[in-house]
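**Student:** Letter by letter, the sequence shown follows residues 34 to 291 in my numbering.
Just dropping this structure here.
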Amino acid sequence: MANEQVHAKKTGFADYLSHFDELRQRLIVSALAWLVCFAVCYSQAGQLFAFLSTPLHNALPTGSQLVFIHATEPFFTYLKVSALAGALLALPIFLWQAWSFISPALYHGEKRLALPFVLASCLCFGSGCYFGFTLIFPQVFIFLISFGTNLGDINAMLSMAGYLTLCCRLLFAFGVVFELPIFMIFLSCLGVIDHHTLRRYRKYALLCGFVVGALLTPPDIFSQTAIALPFVVLYEVGIWGAWIFGAKEQSETSSQLS
34 MANEQVHAKK
44 TGFADYLSHF
54 DELRQRLIVS
64 ALAWLVCFAV
74 CYSQAGQLFA
84 FLSTPLHNAL
94 PTGSQLVFIH
104 ATEPFFTYLK
114 VSALAGALLA
124 LPIFLWQAWS
134 FISPALYHGE
144 KRLALPFVLA
154 SCLCFGSGCY
164 FGFTLIFPQV
174 FIFLISFGTN
184 LGDINAMLSM
194 AGYLTLCCRL
204 LFAFGVVFEL
214 PIFMIFLSCL
224 GVIDHHTLRR
234 YRKYALLCGF
244 VVGALLTPPD
254 IFSQTAIALP
264 FVVLYEVGIW
274 GAWIFGAKEQ
284 SETSSQLS
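Structure, rendered in structure tokens:
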């Protein structure tokens, strides 16, 4: 009996080491992929930053331009742009490595649910970033810069690092907000909530939208409204998604995951 317990402990420890070794290998592959993508993106860092700053340049008054305050600011700004773009470029490899590590531990029903939700989440996050960058960014920067320049004898002098921080913050905010329907449908498929509950709390969605906008965006009403209105619309989309997928999936999920 004692020998069996010792053998079981050794087997469990060996399994733990094998999982840890696999995790280490997949992290190494992901890191190498990011380094390669980072190097590629750094060679185009100027063009990438110029693309990101297009909404701001279009909103700046004639004669105004981006500046850098510290001597190292352009260098580190380009590094940050390259690092973020490299991570985005290597994202399929990251997701594949994560899926390859996690999927053996999942049941068939869990795999069937997880993969579509992961793909849909990536699509929604990208759609949110695209929506914010193409439709909202130009209006936000026109409003903010015109508000500042109309205060009096004040010129717009925005730094590279400050703009990049604001741009990333807004992109992240729109990406997260566009994840709302996926999150609601996922909870509905798990049986945590249903479309009836979501409808009852619809009146709080507008308040939550402005709270999320205040937390994720600069402290101006225009940016907060730009986040809050899509939040409310996406909440309605989530209700319909929970009604379409939730009721049908709840019974199937419970049987497939058992």
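Even glycine gets a Cβ: it sits at the ideal position worked out from N, Cα and C.
All figures in this text were calculated on a predicted structure; none of them were measured in a lab.
Note the first and the last residue of the continuous alpha helix (DSSP H) segment covering Gln-172.
**Tutor:** Element bounds for Gln-172: 170–182.
**Student:** Let me confirm a value: Phe-211 is counted as buried when at least 16 other C-beta atoms fall within 10 Å, else exposed. Which label applies?
**Tutor:** The residue is buried, with at least 16 neighbouring Cβ atoms inside 10 Å.
**Student:** What is the rounded straight-line gap between the Cα of Asp-227 and the Cα of Ala-275?
**Tutor:** Looking at the two C-alpha atoms, the distance is approximately 6 Å.
**Student:** Skipping 5 residues on each side, what residues in its chain have a beta carbon closer than 8 Å to that of Ser-287?
**Tutor:** With a pLDDT of only 47 at Ser-287, under 50, the local geometry of the prediction cannot be trusted, and no value is derived from it.
**Student:** What first and last residue would you give for the alpha helix (DSSP H) that runs through Leu-220?
**Tutor:** From DSSP, the alpha helix (DSSP H) with Leu-220 extends over 213–223.
**Student:** Under DSSP, the alpha helix (DSSP H) around Ile-187 begins and ends at which residues?
**Tutor:** No alpha helix (DSSP H) contains Ile-187, which DSSP labels as neither H nor E.
**Student:** What runs of the beta strand (DSSP E), each 3 residues or longer, lie entirely inside the region 119–144?
**Tutor:** Counting only runs of 3 or more, we get nothing.
**Student:** By the 10 Å Cβ neighbour count, where 16 or more other Cβ atoms means buried, how is Met-217 classified, buried or exposed?
**Tutor:** Its Cβ being crowded by 16 or more others within 10 Å, Met-217 is buried.
**Student:** In or out: Ser-136 buried (at least 16 other Cβ within 10 Å) or exposed?
**Tutor:** By the neighbour-count rule (16 or more Cβ atoms within 10 Å), Ser-136 is not buried but exposed.
**Student:** Tell me, to the nearest whole angstrom, how far the beta carbon of Leu-89 is from that of Phe-174; I am working on the premise that it is less than 8 Å.
**Tutor:** Yes, Leu-89 and Phe-174 are in contact; Cβ-Cβ is about 5 Å, under 8 Å.
**Student:** Should Ser-133 go down as buried or exposed, given a rule of 16 or more other Cβ atoms within 10 Å for buried?
**Tutor:** The residue is exposed, with fewer than 16 neighbouring Cβ atoms inside 10 Å.
**Student:** Below 8 Å on the Cβ atoms is my contact criterion, and I expect Leu-203 with Phe-264 to pass it. Report the Cβ-Cβ distance as a whole number of Å.
**Tutor:** Contact flag wrong, Cβ pair sits at about 14 Å.
**Student:** Just the C-alpha distance for Leu-197 and Thr-110, rounded to the nearest angstrom, thanks.
**Tutor:** In a straight line, the C-alpha of Leu-197 is about 7 Å away from that of Thr-110.
**Student:** DSSP state of Ser-284, grouped into three classes?
**Tutor:** Because the pLDDT of Ser-284 is 47, which lies under 50, any placement of that residue in the model is unreliable, and the number read from its coordinates should be weighed accordingly. Residue state, collapsed to three classes: helix.
**Student:** Run through the DSSP bridge pairs and tell me what Val-100 is partnered with.
**Tutor:** Answer by DSSP bridge pairing, in chain order: Ser-192.
**Student:** Please state the DSSP three-state secondary structure of Tyr-234.
**Tutor:** DSSP places Tyr-234 in coil when its eight states are reduced to three.
**Student:** Just to confirm my understanding: we take Val-114, look at its own chain, exclude 5 residues before and 5 after, and list those with CB closer than 8 Å. What are they?
**Tutor:** Taken in chain order, the residues that qualify are Cys-74, Ala-78, Leu-81, Phe-82, Leu-85 and Leu-197.
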